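The sequence shown runs 9 to 456 under this note's numbering.
See below for the structure under consideration.
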Amino acid sequence: MKVQQFSRIGFIMAAAGSAVGLGNIWKFPYMTGMYGGGAFVLVYLITIAFVGFSVMVAEMLIGALGRRDTVGSFERLAPPNQKGWKYAGFMGFNGVIIMTFYSVVIGWIFYYLFEIFTGLPTSTDTAKATFDALVGAKAGVQIFWHTVAVVIVAYIVYRGIKGGIEKFNLVLMPALLLILFGLLAYATTLEGFGKAWDFMFASDWSKINSEAIVRAVGHSFFTLSLGMGAIMTYAASLPKHASITKTAFIVTFMDTLIALVAGLVIYSFLFHEGAPAAQGPGLVFISLPVVLSHFGTLGTVLALLFFLALAFAGITSAISLVEPVVQYLIDRFDMTRAKAVVVTSLGYWLIGIGALLSYTKAWGETFSIGGKPLFDILEYTTDSILLPLGGLLIAIFVGYVLQKDRVYSALEHEMGKTYFNIWRFSIRYVAPVALVFMMLNLMGILKI
Ligand code: PHE
């Protein structure tokens, strides 16, 4: 059972730290590029406003009322004849599945942080060669940095809610904000800024298709950390009188703002050098270093700051991916925190090694299933199936299973009657329909 509680600001920073992650700074900008810019951004913003925010309130509510690990909270809140809902709590395990590849990417970021000192690549060919060599050939190096990431995250989680998660978020999140807004201030002085702005905010609907819509919906879940119990687990330590609605709003707002700022910064640099927008996942590892190399020493400093921000964002999200299972093991199996952390970390560390090996030339085939690298399978399964499924279960549980009075009395004083009704409509109808639509489409489109 929980004893520790966040402070109010500690909770906001921890939840924002969870939401703001690689999804914002690495994934959102390249997806925007891949799907043509403005129209994609608009769909993403609409989804965040009408689906993401509502589900965030619902997920926080389950945690704040349940006050247990994810399984315990569902079990406690479900009506007596529907205790099977506790199995929905196993969505907490999605986090460690995500961690198997998330930690590998944090490892790449650590590697880059050190590589920057040896000089930035001046051509796309060399940059691509560096990235491909790391991912395709240097298994040992990757395992090393993946292990460093696992150990750092394990240490923070081991220190617990107050001494670890809250403390680190209170330092890393302001640092991240400072760096990103500093970079933004600099980016506005560049010629590329106006182009970046137009690219992101002028909607070109001809580029949008059902795949782009589905990816935008999926991403808005990933970026807000919804559907896997991270927000729920943190909310179990929500200070008693904190407002769920207000907190959810601040977190959603910060997450969205940071994604937009990251996009503006990256595209300002890119367009300043006349580089093309659509580049895929290599955007920050291949294109950005090349572009920054043209800025001389200043470029090295900018690259360092950027990758530092990326590392901070990754770590604060990673701890929220691990905490739900750790909390589950503590609550259910009476484990000490230390033991729970070791068991959880060992599990995803090992699978993570399989994930990174699946991209190497030497081991790729061994770690692929049906021709798909394990890395992609893990990413696809979580991002496209498990998170939306988790979101759907949360929406159904709060919209239909929890007694309305209970939900009403928890939220009405925060929202007022009108907003409460709008929110409830969204959680009962808009969110489930959007999520089912998305899951069906994605399964059809990506045909795994
Ligand atoms: N929101 C994080 C990001 O944008 C990822 C994440 C997903 C974290 C789910 C926790 C839960 O990178």
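Every residue, glycine too, gets a C-beta built ideally from N, C-alpha and C.
Because the structure is a prediction, the values reported are computed rather than measured.
Option in the options with minimal Cα separation from residue i
i, options, result
"residue 118", "163, 187, 276, 142", "142"
"residue 292", "239, 304, 306, 310", "310"
"residue 58", "196, 224, 84", "224"
"residue 106", "63, 158, 290, 39", "158"
"residue 335", "357, 244, 267", "244"
"residue 272", "260, 206, 211, 238", "206"
"residue 303", "216, 255, 198", "198"
"residue 345", "164, 424, 189", "164"
"residue 73", "307, 438, 414, 19", "414"
"residue 23", "259, 378, 316, 301", "259"
"residue 536", "420, 379, 367, 416", "Since the first residue of the chain shown is 9 and the last is 456, residue 536 is not available in this structure."
"residue 195", "181, 92, 277, 305", "277"
"residue 409", "208, 83, 110, 132", "83"
Span of the alpha helix (DSSP H), counted from its first residue to its last, around residue i
i, result
"residue 275", "252 to 280"
"residue 421", "412 to 423"
"residue 335", "305 to 341"
"residue 157", "147 to 166"
"residue 227", "218 to 231"
"residue 131", "Segment: none, residue 131 is in no alpha helix (DSSP H) and carries neither H nor E."
"residue 49", "46 to 55"
"residue 212", "Neither: residue 212 is in no alpha helix (DSSP H) and is coded neither H nor E."
"residue 181", "175 to 195"
"residue 71", "61 to 74"
"residue 78", "78 to 85"
"residue 356", "345 to 365"
"residue 370", "That residue, residue 370, is in no alpha helix (DSSP H); it is neither H nor E in DSSP."
"residue 104", "102 to 123"
"residue 16", "16 to 27"
"residue 43", "First-last for residue 43: undefined, no H or E at that position."
"residue 387", "382 to 388"
"residue 403", "395 to 404"
"residue 292", "Neither: residue 292 is in no alpha helix (DSSP H) and is coded neither H nor E."
"residue 301", "296 to 301"
Backbone CA spacing between residue i and residue j [nearest angstrom]
i, j, result
"residue 444", "residue 404", "12 Å"
"residue 242", "residue 441", "27 Å"
"residue 183", "residue 381", "35 Å"
"residue 251", "residue 422", "7 Å"
"residue 462", "residue 400", "Examination of residue 462 is not possible in this model, given that the chain is present from 9 through 456 alone."
"residue 434", "residue 387", "28 Å"
"residue 171", "residue 357", "24 Å"
"residue 348", "residue 116", "26 Å"
"residue 94", "residue 87", "11 Å"
"residue 266", "residue 376", "35 Å"
"residue 454", "residue 248", "Because the pLDDT at residue 454 is just 46, under 50, the model does not fix this residue reliably, and the point stays unresolved."
"residue 60", "residue 355", "30 Å"
"residue 27", "residue 177", "12 Å"
"residue 233", "residue 136", "30 Å"
"residue 325", "residue 21", "11 Å"
"residue 412", "residue 342", "33 Å"
"residue 319", "residue 114", "6 Å"
"residue 79", "residue 397", "16 Å"
"residue 14", "residue 174", "7 Å"
"residue 429", "residue 71", "21 Å"
"residue 25", "residue 373", "36 Å"
"residue 362", "residue 139", "19 Å"
"residue 36", "residue 89", "42 Å"
"residue 312", "residue 48", "29 Å"
"residue 201", "residue 371", "42 Å"
"residue 231", "residue 52", "10 Å"
"residue 3", "residue 148", "Coverage of the chain is limited to positions 9 through 456, which leaves residue 3 absent and any answer about it impossible."
"residue 218", "residue 44", "13 Å"
"residue 407", "residue 369", "48 Å"
"residue 108", "residue 152", "14 Å"
"residue 12", "residue 332", "15 Å"
"residue 150", "residue 364", "7 Å"
"residue 330", "residue 339", "15 Å"
"residue 96", "residue 75", "16 Å"
"residue 323", "residue 169", "15 Å"
"residue 211", "residue 40", "11 Å"
Rounded distance between the beta-carbons of residue j and residue i, thought under 8 Å
i, j, result
"residue 393", "residue 447", "7 Å"
"residue 102", "residue 395", "6 Å"
"residue 281", "residue 299", "5 Å"
"residue 321", "residue 121", "Residue 321 to residue 121, Cβ: 13 Å. No contact."
"residue 4", "residue 391", "In the structure as shown, the chain begins at 9 and stops at 456. Residue 4 is therefore absent and cannot be evaluated."
"residue 255", "residue 56", "Not a contact, Cβ separation roughly 16 Å."
"residue 128", "residue 307", "6 Å"
"residue 288", "residue 112", "Actually they do not touch by this definition, with Cβ atoms about 17 Å apart."
"residue 439", "residue 62", "6 Å"
"residue 68", "residue 239", "6 Å"
"residue 426", "residue 301", "Actually they do not touch by this definition, with Cβ atoms about 54 Å apart."
Chain C within 9 Å of residue i, Cβ atoms only
i, result
"residue 195", "Here there is only one protein chain, and chain C is not present."
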